[in-house]
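Engineer:
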Amino acid sequence: AVRWVRGMGLGCLALVIRMTGIGFGSARAKSRDRKIALSRICYVAFYVAYYANDPFNLTHIAMRGLYTGLTLGPGEQLANQSGAFAVLLSLLKVTGPARILIRDGKKNGETLGDPRVVALNEVYNGFVEHFVGEPRADEVIQTRVVNTYNAWLAPMDYLNAVVDLGWNLIVR
2 AVRWVRGMGL
12 GCLALVIRMT
22 GIGFGSARAK
32 SRDRKIALSR
42 ICYVAFYVAY
52 YANDPFNLTH
62 IAMRGLYTGL
72 TLGPGEQLAN
82 QSGAFAVLLS
92 LLKVTGPARI
102 LIRDGKKNGE
112 TLGDPRVVAL
122 NEVYNGFVEH
132 FVGEPRADEV
142 IQTRVVNTYN
152 AWLAPMDYLN
162 AVVDLGWNLI
172 VR
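In terms of our numbering, the sequence shown is numbered consecutively and its last residue is 173.
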């Protein structure tokens, strides 16, 4: 319960950072490596909680991860954590904010000129569309991911895109 409360508290701080910009990219060099490692752990833990159908851990990991990503600033870690939080929101049927996070993630990737961030954001974009009830939009997005962005994705992200696309096509 303490982890959940802490995760929710960090999630509230993340929302303040997101709305005001105060604290965005504020990770100091001394703690930056630790926060990057924590962000990577949250990234894997989010997928584990999702596949384990564990909403308790899914929620606090997404909230904690978003805070960590925002304090690190623009880049791959922010893309991971914003995407995970957008997926959580879409699972809760909070469509508008989920799509805003995805839109901002696209801007982040394009501004940085980092194809890994763009590709990762597209994977999360497909997940969001899937979970808000737009399977055809998800199919188009994940097909583009599999065919166009495959070179830029980590194996786990590529496989998740393939599984999402396959599930989408099989169920329909």
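No residue lacks a Cβ here, since even glycine has one placed at the ideal position from N, Cα and C.
Let's test the definition: count the other Cβ atoms within 10 Å of the Cβ of residue 129 and tell me whether it reaches 16, buried, or not, exposed.
Structural biologist: Under this definition residue 129 is a buried residue.
Engineer: Count the other CB atoms, across all protein chains shown, that sit within 10 Å of the CB of residue 66; report buried if there are 16 or more and exposed otherwise.
Structural biologist: With 16 or more Cβ atoms within 10 Å of its Cβ, residue 66 is classed as buried.
Engineer: So, does the region 101-121 touch the region 50-59, judging by three or more C-beta pairs under 8 Å?
Structural biologist: The region 101-121 vs the region 50-59: no contact.
Engineer: Would a C-beta distance cut-off of 8 Å place residue 146 and residue 123 closer than the cut-off?
Structural biologist: Result yes, Cβ atoms of residue 146 and residue 123 sit closer than 8 Å.
Engineer: Alpha carbon to alpha carbon, how far is residue 63 from residue 13? Give it in angstroms, no decimals.
Structural biologist: Going from the Cα of residue 13 to the Cα of residue 63 covers about 12 Å.
Engineer: Would you kindly work out how many angstroms separate the C-alpha atoms of residue 72 and residue 57, rounded to a whole number?
Structural biologist: Their Cα atoms are separated by approximately 23 Å.
Engineer: Taking only the alpha-carbon atoms, compute the straight-line gap between residue 132 and residue 141 and give it to the nearest angstrom.
Structural biologist: So the two alpha carbons sit approximately 14 Å from each other.
Engineer: Ends of the alpha helix (DSSP H) at residue 121?
Structural biologist: From DSSP, the alpha helix (DSSP H) with residue 121 extends over 116-132.
Engineer: Is the beta carbon of residue 144 closer than 8 Å to that of residue 160?
Structural biologist: Taking 8 Å as the Cβ cut-off, residue 160 and residue 144 do not qualify as a contacting pair.
Engineer: Is residue 81 helix, strand or coil by DSSP?
Structural biologist: In this structure, residue 81 counts as helix in the three-state DSSP scheme.
Engineer: Tell me the residue span of the alpha helix (DSSP H) that contains residue 56.
Structural biologist: Counting along the chain, the alpha helix (DSSP H) containing residue 56 begins and ends at 56-73.
Engineer: Just to confirm, is the Cβ distance from residue 70 to residue 81 under 8 Å?
Structural biologist: Yes, these two residues count as a Cβ contact at 8 Å.
Engineer: Give the range of the alpha helix (DSSP H) segment to which residue 108 is assigned.
Structural biologist: Per DSSP, residue 108 belongs to the alpha helix (DSSP H) from 96-113.
Engineer: Whole angstroms are fine: how far does the CA of residue 151 sit from the CA of residue 10?
Structural biologist: Straight-line Cα distance between these residues: approximately 36 Å.
Engineer: Excluding the five sequence neighbours on either side, which residues of its own chain have a C-beta within less than 8 Å of the C-beta of residue 112, listed in chain order?
Structural biologist: For residue 112, where only same-chain residues beyond five positions count, the Cβ hits under 8 Å are 75.
Engineer: What distance in whole Å lies between the Cβ atoms of residue 68 and residue 15, which are believed to be in contact at a cut-off of 8 Å?
Structural biologist: Contact holds; Cβ gap of about 4 Å.
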